[in-house]
């Protein structure tokens, strides 16, 4: 999967998946905060945990589309509150790209 070079944008995590006021990401943010203690102030910690987890968790190949190949990786993530939960991450290998880019994330 070339996971060691996976692209994770902590700013995107903070502004979408961890932002409780985001119109479409708000629910994800509330779940991340209550289950694992993650919020926009510690998005970099979550990004690092995802980077570690994607190295060992199995990837499931999903559909290919006009943009590239999609994959899902479920992994246990340790929260800043000491709890652990399974987090689904979605990845895109854009056409002709050699590394995956994080496209979605949520607590299962």
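In the UniProt record's numbering, the protein residues as written are 1 to 108. Note that the Cβ used here is the ideal one computed from N, Cα and C, for glycine as well. All figures in this text were calculated on a predicted structure; none of them were measured in a lab.
Using the beta-carbon count (16 or more within 10 Å), is residue i buried or exposed?
{"i": "residue 82", "result": "exposed"}
{"i": "residue 110", "result": "Limits of the chain in this structure are 1 at one end and 108 at the other, which puts residue 110 out of reach."}
{"i": "residue 73", "result": "buried"}
{"i": "residue 13", "result": "buried"}
Tell me, which residues are paired with residue i by DSSP?
{"i": "residue 65", "result": "68"}
{"i": "residue 106", "result": "88"}
{"i": "residue 38", "result": "Answer is none; residue 38 lacks a bridge partner."}
If we ignore side chains and look at the alpha-carbon of each, how far apart do residue i and residue j end up?
{"i": "residue 27", "j": "residue 15", "result": "13 Å"}
{"i": "residue 48", "j": "residue 84", "result": "15 Å"}
{"i": "residue 130", "j": "residue 67", "result": "Residue 130 lies beyond the stretch modelled for the chain, which goes from 1 to 108, so this question has no answer here."}
{"i": "residue 3", "j": "residue 51", "result": "8 Å"}
{"i": "residue 33", "j": "residue 100", "result": "26 Å"}
{"i": "residue 59", "j": "residue 21", "result": "31 Å"}
{"i": "residue 125", "j": "residue 105", "result": "Residue 125 is absent from the model: the chain starts at 1 and stops at 108."}
{"i": "residue 25", "j": "residue 88", "result": "14 Å"}
{"i": "residue 57", "j": "residue 71", "result": "12 Å"}
With residue i and residue j assumed to form a contact (beta carbons below 8 Å), what rounded beta-carbon distance in angstroms separates them?
{"i": "residue 107", "j": "residue 45", "result": "Their Cβ separation, rounded to whole angstroms, is 15 Å, which puts residue 107 and residue 45 out of contact at 8 Å."}
{"i": "residue 9", "j": "residue 40", "result": "Not a contact, Cβ separation roughly 13 Å."}
Give a yes or no on whether the C-beta atoms belonging to residue i and residue j are separated by under 8 Å.
{"i": "residue 29", "j": "residue 17", "result": "yes"}
{"i": "residue 69", "j": "residue 93", "result": "yes"}
{"i": "residue 77", "j": "residue 36", "result": "yes"}
{"i": "residue 133", "j": "residue 38", "result": "Residue coverage of the chain in this structure runs from 1 to 108, which leaves residue 133 outside it and unanswerable."}
Please confirm if residue i has its CB atom under 8 Å from at least one CB of chain D.
{"i": "residue 42", "result": "The chain inventory of the structure shown lacks chain D, comprising one protein chain alone."}
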